[in-house]
Amino acid sequence: MAKKGRVFSGIRPTGRAHLGNYLGAIKNYVALQDNYDCVYCIVDIHALTTVEDTLNLKQNTHEMTLDLLAAGIRPEETILFVQSHVPQVTELHTILSMVTPLGKLTDLPTFKDMVRQHPNNVNYGLVGYPVLMTADIVLYKSDLVPVGVDQAPHLEFARETVRSFNHRYQTKVLIEPQMKSAEVPKVLGIDGKEKMSKSLDNHIELAATPEETRQRVMQMVTDPQRIKRSDPGNPDVCNVFTLHKVFTPKEDVEMINVECRKAGIGCVDCKKRFAENLNIALEPFRAKRAELAAKPDLVAATLNDGARRARAIAEKTMEEVRAAVQLP
Ligand code: TRP
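With our numbering applied, the sequence shown corresponds to residues 29 to 356, in that order.
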């Protein structure tokens with residue numbers, strides 16, 4: 029079947045993926061393969077902008093690769109590669125930086141957040157983060173970019189940069205990408221407060237053992253208003269219930285929804301059921317991941333092949349870009 033266009037997305041190599049990464053991005057990446065030509069990139073150069081992401085960069089990239097492949101990325105059709113393996117992106121980043129007003133970058137809400145989080149490491153690369161992200165996207169002439177809503181300012185920036193470039197050099201070489209945000213449940217961490225994230229250590233890893241998973245799930249904070257076992261609960265504000273809706277069979281979700289509201293089921297029991305269902309749902313993923321982890325050479329070869337295919341597209345775009353800007 030003819031595909032509808034090219035999808036591109038980048039994911040940071042933060043090590044083993046957790047439920048938030050999966051439901052927020054990876055699950056959608058897998059689904060998009062049915063209808064689009066997909067290019068997925070593990071953005072190791074972006075990771076260099078913040079110190080904590082630089083730690084164990086090789087290992088973290090490997091872990092993320094295992095997770096993506098085990099979750100169902102199909103490298104025979106989809107191009108899966110590591111950003112630094114296609115150096116053309118840094119060349120395009122430099123060229124795009126020439127049509128980027130500095131104030132536009134420092135005004136971005138995402139930049140201001142980063143400055144707040146890393147006041148002692150506001151490096152030049154951090155300011156240019158969205159320019160590199162734009163280079164990622166346009167190097168592959170991507171039509172659609174699946175990202176979370178937090179990335180909306182970066183996508184808008186990318187679109188504006190494409191317009192500035194094409195206008196300045198009177199060309200149509202670069203394509204304005206569209207943002208594609210999927211309907212995803214908001215996944216909070218086990219604290220029930222903050223977004224699930226590795227740095228807050230409130231996450232549940234896809235690749236955890238069933239026992240580790242159970243322990244993490246049992247620590248999850250449920251409806252904060254429900255204190256005693258006999259208090260009725262409210263599933264609408266319970267993070268465990270949000271996840272039941274994804275991983276638990278429908279009839280059981282309905283039962284929990286009804287019973288929780290009349291204190292028919294307690295939080296401990298509810299979490300035990302969730303841990304069981306989650307472990308069942310993740311079983312095929314974990315088996316496939318273990319298989320891949322035993323074959324590191326195959327995984328490396330897969331990434332090499334992805335990089336080779338990515339470079340072919342990237343070099344063709346760069347030839348057009350160099351001609352458009354009239355580099356001698
Ligand atoms: N900035 C994105 C994030 O933090 C990662 C990213 C880098 C990306 N390059 C990209 C996403 C290109 C989409 C397209 O999640």
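Cβ atoms here follow ideal geometry from the backbone N, Cα and C, with glycine treated the same way.
Specify the secondary structure class of residue i as computed by DSSP and reduced to three states.
i: R289; result: helix
i: S258; result: coil
i: G38; result: strand
i: H367; result: The requested residue 367 does not occur in the structure, where the chain is confined to residues 29 to 356.
i: E222; result: coil
i: M248; result: coil
i: N104; result: For clarity, residue 104 is Glu in the given sequence; the question names Asn instead. Here E104 sits in coil by DSSP.
i: C66; result: strand
i: L355; result: coil
i: Q206; result: strand
i: V228; result: It is Leu, not Val, that sits at residue 228 in the sequence shown. DSSP places L228 in coil when its eight states are reduced to three.
i: K174; result: In the sequence on display, residue 174 carries Pro and not Lys. In the structure shown, P174 sits in a strand (DSSP, three-state: E or B).
i: V190; result: helix
What whole-angstrom Cβ distance do residue i and residue j have, given they're in contact under 8 Å?
i: C298; j: V268; result: 6 Å
i: L331; j: F109; result: 6 Å
i: R34; j: K169; result: 7 Å
i: L47; j: L228; result: Between L228 and L47 the Cβ distance is about 13 Å, and since that is not below 8 Å, they are no contact.
Cα separation between residue i and residue j?
i: A45; j: V327; result: 17 Å
i: G294; j: F302; result: 12 Å
i: A186; j: C66; result: 19 Å
i: N262; j: V274; result: 18 Å
i: N305; j: L97; result: 22 Å
i: A335; j: Q111; result: 8 Å
i: A351; j: T199; result: 10 Å
i: V212; j: Y50; result: 10 Å
i: P356; j: E347; result: 12 Å
i: Q145; j: A30; result: 44 Å
i: V296; j: M246; result: 7 Å
i: A99; j: A163; result: 27 Å
Are at least three pairs of beta-carbons, each pair with one atom in the segment 249-258 and one in the segment 75-87, less than 8 Å apart? Output reads no: the segment 75-87 does not touch the segment 249-258.
Would you be able to state if there are at least three C-beta pairs under 8 Å between the segment 271-288 and the segment 134-148? Result no; under three Cβ-Cβ pairs closer than 8 Å.
Count the CB pairs spanning the segment 281-290 and the segment 312-323 that are closer than 8 Å, and state whether there are at least three. Between the segment 281-290 and the segment 312-323 there are fewer than three C-beta pairs closer than 8 Å, too few to call the two in contact.
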